[in-house]
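Novice:
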Amino acid sequence: MRWPPCSRPLLGVCALISLALLGHVLLHDFLVVPRELRSFSQEPEEMYKARRPGASSPGPQPGPGHRGSPSAVPTRCDLPPNSRFDCAPDKAITQEQCEARGCCYVPAGPGPLGAQMGQPWCFFPPSYPSYRLENLTTTETGYTATLTRATPTFFPKDVMTLRLDVLLETESRLHFTIKDPNNRRYEVPLETPRVRSRAPSTLYSVEFSDEPFGVVVRRKPSGRVLLNTTVAPLFFADQFLQLSTSLPSQHITGLAEHLGSLMLSTNWTKATLWNRDIAPAPDLNLYGSHPFYLVLEDGGSAHGVFLLNSNAMDVVLQPSPALSWRSTGGILDVYLFLGPEPKSVVRQYLDVVGYPFMPPYWALGFHLCRWGYSSTAITRQVVENMTTARFPLDVQWNDLDYMDARRDFTFNKDSFGDFPAMVRELHQGGRRYVMIVDPAISSSGPPGTYRPYDEGLRRGVFVTNETGQPLIGKVWPGLTAFPDFTNPEALDWWQDMVAEFHAQVPFDGMWIDMNEPSNFVRGSVDGCPDSDLENPPYVPGVVGGMLQAATICASSRQFLSTHYDLHNLYGLTEALASHRALVKVRGTRPFVISRSTFAGHGRYAGHWTGDVWSNWEQLSYSVPEILLFNLLGVPLVGADICGFLGDTSEELCVRWTQLGAFYPFMRNHNNLNSLPQEPYRFSDSAQRAMRKAFTLRYTLLPYLYTLFHGAHVRGETVARPLFLEFPEDPRTWTVDRQLLWGEALLVTPVLEAGQVQVTGYFPCGTWYDLQTVPVEPFGSLPPSVSCTPPTCHPQQGTVGDAARPTGHHQPPPPGRVHHPHAGPWTHDHRIP
């Protein structure tokens, strides 16, 4: 356990308390674990356990002889409201319908204040039938068993017999799967570690309940319950899978992509995972799906859980606290990471999904883009204006404007006739160039007029409809087909298209947008068939109320499965294809930024947070989103500086630029119909403030680059929440409007209009202010005058190297202030 400097004098007191507790444990009676709650780690099947003071209980357990039928135990409906699990997840039902399901019906009042959902009126009694554990045996990697259900549920096509495999993969990683042993079902094609033997020792013990079946995982040696699936019945039907568990704490984060606080509310909330093209707003399913959560436990330990499942799903959180996974397909493929430190949990998760790619150094500089740079002349003028105004610019971008009729791998011969020459000029000036590439391929031209479609059709690379023909939707070029990036032939076709276009225009990176995939018609121009895939018995809380809203038909066919199974992987597979193509074509480290993401995305690409509005609320929300994606292994992440939708203001754009200087990925991007927002568009005082922020970022680029290397080779994060470095300090757990770069460069931005002071929290340690008192080797930034950069504080002994800026910017003059205290802190940030 790592202790903050201020808490170490308490170690003696803690030791005395620990000795007292140990004496109590040693004097207490030992109990035999009943057969119905069998326990395994590395010990024999029948093990003895001490009843430890303070150890979490997994909740009421079945006694000997109990076999889970409704007649074995009278139905109890007096469960605490916060511990009730919904028996009507699919639709609103009457009391008669509820009781016909064998469930309890107790009307509840209005939901708690701030609750996204209400307490369930119809809920499972403890006696509700579930699966029974049979034939539990030991294997080389762990355990295997059969699960049988005697009574079907209210969902169609129950799988009545299941296979359970439990793998003790490493000391800190437990893995178990529940699947149909008789029929092959879709499984996520993510490359994950394979083990041949069980770990010799573990940080966890595993217990099994015979009937109703359940798994209970405890942390050693405390006995704290981290996972307990006995709290609610297991469901495994063809199109509805539900697995519930208790949580040891209400401090939970993850389950991206959502807009809101870093810590999720357990006050009857729901996270829906189904990738969607939509402007970010709270309580909506957004561009990415990451079925992983991290829980902070009392004392600063942490654990994580990853459900490797890409089907549409809801994740329900309730105040008991507990969590329920509700998926519409696939299998239950669960990983548990024991940490015990939060940063260890992140690394253990990345051991499974993959460490982030290493971006090229130039990718960490400033990027500039807008929809509306409608010619090479305008694009050149923007670059010249940035140079004249003495702003650094490492990467110039273009949106759809460069294309011919908005078709991929083309350029407009009128307004972008000298496009290749412009890109070469950028290279000669030491800059790089990135352009947008959407996945949808125009299908409307006569045969022989558009090579990407003709060649794709010949090679059979497109997603197809029920007739086997390419599914046709509508996106920017009009009628379009959608490449199937799960098809190996599509990877080669995409690489060929990238290579052919790169031979004309020597671009340096790819911006892959609209890859949820987005579709301007529902499903296809011909609609979607009436089938169980289009109208499943359970529809998660998706925007639009149906799976095909703003995307392609769920029943459409891909190489590996249906789109119903693969939808959430579309952005990931396009990122893989683009990463692979750039490596082959350019022979250097690739740069890919994607809107849509899934678990493991960071191996191939970065992410920007989509079409955010130009307002203060979205500026503030960007901080927890940057932190969240770092926890998910996507460290190259940023929001559109100054906002994308709507018009920014000078004050907002200054503050956003100051914060954006500490996004791992720094880009200013703007919408077609919004007011211009390049840095040089604003007043002299605003430009001075922005220039200081740029200078500070460029000064720290070597440090930032080092952090990315740590993420790439060791599974670390770049931008970090405070709790990742100070988990033993509970006051850091909810801090999500400050961020750390690495171990201890603490950034406290201004996030509200008219704010002249900013307050932040300092964990115990010695901190310095980069902006005021001179302390080598950093050089100085002047103290507050009109509008200062975000307040930045390195912790003593952590940030060793700053850089003299290179390229297109000026070095900062020499400075720092000593802040030896822990606790709230206030700093002036004045704007005239």
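Residues 1 to 832 (full-length UniProt numbering) are what the sequence shown spells out, left to right. Where is the CB? At the ideal position from N, CA and C, for every residue including glycine. Please read all numbers here as calculations on a predicted model, not as lab measurements.
Among the residues of its own chain, which have a CB less than 8 Å from the CB of A100, if the five just before and after it don't count?
Specialist: Result list for A100: empty, nothing under 8 Å.
Novice: Can you give me the C-alpha to C-alpha distance between V539 and W274, rounded to a whole angstrom?
Specialist: Approximately 11 Å, taken between the alpha carbons.
Novice: Under 8 Å, with one C-beta from each stretch per pair, do the region 83–92 and the region 116–124 reach the 3-pair mark?
Specialist: Because the criterion of three Cβ pairs below 8 Å is met, the region 83–92 and the region 116–124 touch.
Novice: What does a CB cutoff of less than 7 Å around R8 pick up in its chain, not counting 5 residues either side in sequence?
Specialist: At R8, the pLDDT of 31 sits below 50, so the modelled position is not reliable and the matter cannot be decided from this model.
Novice: Would you list, in sequence order, the uninterrupted alpha helix (DSSP H) runs of no fewer than 4 residues that lie entirely inside the region 406–444?
Specialist: Fully enclosed alpha helix (DSSP H) runs of 4 or longer: 419–428.
Novice: Using beta-carbon positions only, say whether W371 and Q242 come within less than 8 Å of one another.
Specialist: Taking 8 Å as the Cβ cut-off, W371 and Q242 do not qualify as a contacting pair.
Novice: Which residue's Cα is closest to the Cα of S201: R219, V188 and E187?
Specialist: Of R219, V188 and E187, the residue nearest in Cα terms is R219.
Novice: Check W371 in the structure and name its three-state DSSP category.
Specialist: In this structure, W371 counts as coil in the three-state DSSP scheme.
Novice: Between which residues of its own chain and K157 is the CB-CB distance below 6 Å, once the five residues before and five after are set aside?
Specialist: Correct list, in chain order: A237 and D238.
Novice: May I ask you to report which of helix, strand or coil DSSP gives I331?
Specialist: Coil, per DSSP.
Novice: Quick one: measure Cβ to Cβ for Y564 and S596, integer angstroms, because I've assumed they're closer than 8 Å.
Specialist: No, Y564 and S596 are not in contact; Cβ-Cβ is about 17 Å, not under 8 Å.
Novice: Could you pull the DSSP bridge partners for W476 from this structure?
Specialist: The partner list for W476 (beta bridge, DSSP) is empty, contrary to what the question assumes.
Novice: Give me the Cα-Cα distance between V583 and P590, rounded to the nearest whole angstrom.
Specialist: Cα to Cα, V583 sits roughly 6 Å from P590.
Novice: Going along the chain, which unbroken runs of the beta strand (DSSP E) with 3 or more residues stay wholly within the region 303–349?
Specialist: Runs found: 313–318, 322–327 and 332–337.
Novice: Below 8 Å on the Cβ atoms is my contact criterion, and I expect A605 with E625 to pass it. Report the Cβ-Cβ distance as a whole number of Å.
Specialist: Incorrect: roughly 16 Å between the Cβ atoms, too far for contact.
Novice: Helix, strand or coil for A389, going by three-state DSSP, please let me know.
Specialist: A389 falls in the coil class under three-state DSSP.
Novice: May I ask you to report which of helix, strand or coil DSSP gives M546?
Specialist: Coil at M546, not helix or strand.
Novice: Please determine, among Q97, P233 and D277, the residue with the shortest C-alpha to C-alpha distance to F520.
Specialist: Among Q97, P233 and D277, the Cα nearest to that of F520 belongs to D277.
Novice: Assuming I278 is part of the beta strand (DSSP E), what are its boundary residues?
Specialist: Looking at the DSSP string, I278 is not in any beta strand (DSSP E), and its letter there is neither H nor E.
Novice: G807 to A363, Cα distance in whole Å?
Specialist: The predicted position of G807 is uncertain, since its pLDDT is 43 and thus under 50; a value taken from the coordinates is nonetheless stated next. So the two alpha carbons sit approximately 13 Å from each other.
Novice: Is the CB-CB distance between V346 and G715 below 8 Å?
Specialist: Yes, these two residues count as a Cβ contact at 8 Å.
Novice: Is it buried or exposed for R173, if we count other Cβ within 10 angstroms and need 16 for buried?
Specialist: When all chains shown are included, R173 counts as buried.
Novice: Would you call L619 buried or exposed, if buried means 16 or more other Cβ atoms sit within 10 Å of its Cβ?
Specialist: Label assigned to L619: buried.
Novice: Using a 10 Å radius around the Cβ and a threshold of 16 neighbouring Cβ atoms, would you call D496 buried or exposed?
Specialist: Buried is the call here.
Novice: Roughly how many angstroms separate the alpha carbons of T699 and A693, rounded to a whole number?
Specialist: C-alpha separation (whole angstroms): 10 Å.
Novice: Along the chain, which unbroken stretches of the alpha helix (DSSP H) at least 4 residues long are found entirely within the UniProt domain "P-type" (75–126)?
Specialist: Fully enclosed alpha helix (DSSP H) runs of 4 or longer: 95–100.
Novice: Which same chain residues end up closer than 6 Å to E641 when comparing Cβ atoms and leaving out the 5 residues on each side of it in sequence?
Specialist: Note on identity: in this sequence residue 641 is Ile, with Glu being the wrong assignment. W656, T657, G660 and N668, listed in sequence order.
Novice: To the nearest angstrom, how far is the alpha carbon of P730 from that of L323?
Specialist: Cα-Cα distance, rounded: 22 Å.
Novice: Excluding the 5 residues preceding and the 5 following F235 in the sequence, name in chain order all residues of the same chain whose CB lies nearer than 7 Å to its CB.
Specialist: Closer than 7 Å at the Cβ level, and outside the excluded window around F235, lie T153, F155, L241 and Q242.
Novice: Are the beta-carbon atoms belonging to F559 and V334 less than 8 Å from one another?
Specialist: Their beta carbons are not under 8 Å apart, which means F559 does not touch V334 by this criterion.
Novice: May I ask you to report which of helix, strand or coil DSSP gives M497?
Specialist: Note: M497 maps to helix in three-state DSSP.
Novice: Determine, using beta carbons only, whether P125 and C98 come nearer to each other than 8 Å.
Specialist: Result no, Cβ atoms of P125 and C98 do not sit closer than 8 Å.
Novice: Are there 16 or more other CB atoms within 10 angstroms of the CB of V206, so buried, or fewer, so exposed?
Specialist: Per the 10 Å Cβ criterion, buried.
Novice: Taking V195 as the reference, give the member of N183, G754 and V166 with the closest Cα.
Specialist: It is V166 whose Cα lies nearest to the Cα of V195.
Novice: Using alpha carbons as the reference points, say which of A503, T148, F507 and S556 lies closest to C528.
Specialist: Here the closest residue by C-alpha is S556.
Novice: Just confirm the distance between the C-beta atoms of Y287 and G610, as a whole number of angstroms; I'd bet it's less than 8 Å.
Specialist: Confirmed, about 5 Å.
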